[in-house]
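Peer 1: Read left to right, the sequence shown gives residues 133 to 513 (this note's numbering).
Here it is: the structure, laid out below.
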Amino acid sequence: MTDLSLAAPSLGRPVAEAPAPPAVLHHPVGFTGQAGEYFRIWIVNIALTLVTFGLYMPWARIRTKQYFYGHTWVDGQNFEYRANPWALLRGYLLIGGLSLLASLAFQSPDPTYLMLGILLMLVYLGFYPWLVRQSLRFQAVNTVHRGLNFSFHGSVGQAYVAYGAANLAASLVSFALPWAWFMQRRYQLDHLAYGTARAQFRGDVAPFYLIAVTGLALVLGSAAVMFGLWLAFFGGSALLELFSAKEQSEAAVMATVLMLLVPALVTYVVVLLVYSVAWQYVRAAIMAYVLNHTELGGVVRTGASFSPWRVVWIGVTNSLAQLLTLGLATPWAAIRRTRYIMGGLQVRSLVPLDTFTGQASHGESALGEAASELLDIQVGF
């Protein structure tokens with residue numbers, strides 16, 4: 133049989149060539165922060181925060197973010213953070229005052245104050261999704277690259293689904309926790325925009341469960357190993373001695389009980405430390421997965437090649453260094469972690485980044501950002 137595609141030229145009919153795929157542009161990502169430079173900012177922030185009894189904290193937070201944003205580069209342009217410290221201060225005073233009031237109420241023996249503390253806690257839980265949304269909007273609108281600011285368009289109702297219903301389901305059924313992580317990352321990214329270009333998260337929920345199972349296996353495995361070691365070296369003989377306690381003196385019984393309790397306490401501490409490591413792995417693995425499944429405007433893709441386990445190792449050794457130096461290694465630890473993660477990021481696009489257009493930006497309430505800082509709400513942008 134004659135191949136028509138090959139016979140066409142002999143009939144004088146030109147063959148239409150398929151359009152060439154657009155060239156993919158690779159934009160380098162870099163971080164130029166230095167531990168010595170950041171140490172000076174960090175130590176001044178701590179000193180001024182202590183001297184002002186915490187009132188300098190908004191300025192300290194903004195100076196820190198401005199340093200890290202300003203030393204993060206994509207395609208030869210660095211980021212900017214333009215938050216207003218006075219707006220943050222008002223939010224800090226309100227959230228901090230309510231938190232202090234709730235703490236004092238819970239410590240009071242008066243039932244009236246206890247009811248007030250419970251009421252404030254319920255109000256906080258009720259407003260938690262709204263605070264998260266406000267924090268995301270505040271962080272986005274104050275983040276700028278190439279003169280264009282980011283923005284966040286998630287609605288309040290969607291926030292209550294992702295951070296209200298999903299968190300409630302996770303608290304009632306542990307199996308729903310990875311689903312809650314998925315819903316929250318999708319809420320954060322699907323409503324993010326750079327200029328007029330909207331972001332989109334193209335990930336699925338299944339990898340979140342795989343990450344959670346890996347972290348859980350790490351914790352359960354360490355518990356099983358510690359229990360096996362205890363049983364092999366102490367447990368069997370100690371239990372036999374305890375069961376025959378009638379034939380032993382009181383001192384011998386106490387020694388046997390200690391032989392059971394001390395290894396159990398050591399096991400608990402080890403498992404607690406492993407849990408911290410597992411949680412660091414979960415956060416790093418989710419970050420890598422999200423970055424590998426995010427696009428912007430249909431023409432920009434982000435990627436992550438860093439190892440989550442390497443991030444865990446950096447976190448563990450950073451904590452050890454901070455402990456041994458009484459906290460003085462904190463700036464070095466922050467720079468070290470950021471440099472490794474940024475060195476493992478990639479940005480690819482089908483168009484130059486300077487072709488993105490902006491949109492009018494509006495000031496956002498800093499109340500949500502203040503809550504995320506003071507109450508440790510994890511809504512990293």
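Glycine residues also receive a C-beta, built at the ideal position from the N, C-alpha and C atoms.
Note that the structure is predicted; figures quoted are calculated from it, not measured.
DSSP three-state call for S481: helix, strand or coil?
Peer 2: Three-state DSSP puts S481 in a strand.
Peer 1: Go through its chain and collect everything with a Cβ distance to H159's Cβ below 6 angstroms, but skip five positions before and after it.
Peer 2: Taken in chain order, the residues that qualify are V206, D207, V479.
Peer 1: With DSSP as the reference, label G144 as helix, strand or coil.
Peer 2: Because G144 sits at a pLDDT of 49, beneath the cut-off of 50, its placement in the model cannot be relied upon, and the following sentence gives the value as read from the coordinates. Three-state DSSP puts G144 in coil, outside helix and strand.
Peer 1: Going straight from the alpha carbon of N210 to that of L226, what length do you get?
Peer 2: Taking the straight line joining both Cα atoms gives about 33 angstroms.
Peer 1: Below 8 angstroms CB to CB, which residues in the same chain sit around V337 once its five sequence neighbours on both sides are set aside?
Peer 2: Only P310, W311, F314 meet the Cβ criterion.
Peer 1: For the candidate residues I343, T244, V406, whose alpha-carbon lies nearest to that of L352?
Peer 2: Closest option to L352, Cα to Cα, is V406.
Peer 1: Decide if R269 is buried, meaning its Cβ has at least 16 other Cβ atoms within 10 Å, or exposed.
Peer 2: Looking at its Cβ environment, which holds 16 or more other Cβ atoms inside 10 Å, R269 is buried.
Peer 1: Quick test of the definition: if touching needs 3 or more C-beta pairs under 8 angstroms, does the region 293–302 touch the region 338–345?
Peer 2: Too few Cβ pairs lie closer than 8 angstroms, so no.
Peer 1: When the Cα atoms are used, what is the spatial distance from A291 to A272?
Peer 2: Their backbone Cα atoms lie some 16 angstroms apart in a straight line.
Peer 1: What does the Cβ neighbour count give for I343, buried or exposed, with the cut at 16 atoms within 10 Å?
Peer 2: Under this definition I343 is a buried residue.
Peer 1: Have a look at Y413 and R334 and give me their C-alpha separation to the nearest angstrom.
Peer 2: Those two C-alpha atoms are separated by around 22 angstroms.
Peer 1: On the DSSP letters alone, give me the boundaries of the beta strand (DSSP E) that Y188 sits inside.
Peer 2: Element bounds for Y188: n/a, residue is neither H nor E.
Peer 1: Nearest to S231 by alpha carbon, out of G327, A215, P243, G249?
Peer 2: Comparing Cα positions, the closest option is G249.
Peer 1: From M247, A297, Y400, A420, pick the residue whose C-alpha is nearest to that of V444; which is it?
Peer 2: When each option's Cα is compared against that of V444, the closest is A420.
Peer 1: If you pair each beta-carbon of the region 160–171 with each one of the region 193–207, do three or more pairs fall below 8 angstroms?
Peer 2: With a cut-off of 8 angstroms, the region 193–207 and the region 160–171 count as touching, because enough Cβ pairs lie within range.
Peer 1: Could you check whether Y170 and P440 sit closer than 7 angstroms to each other, using their CB atoms as the reference points?
Peer 2: No, they are not a contact pair.
Peer 1: Measuring only the C-alpha atoms, how far is E427 from L254?
Peer 2: If you take the alpha carbons of E427 and L254, they lie about 37 angstroms apart.
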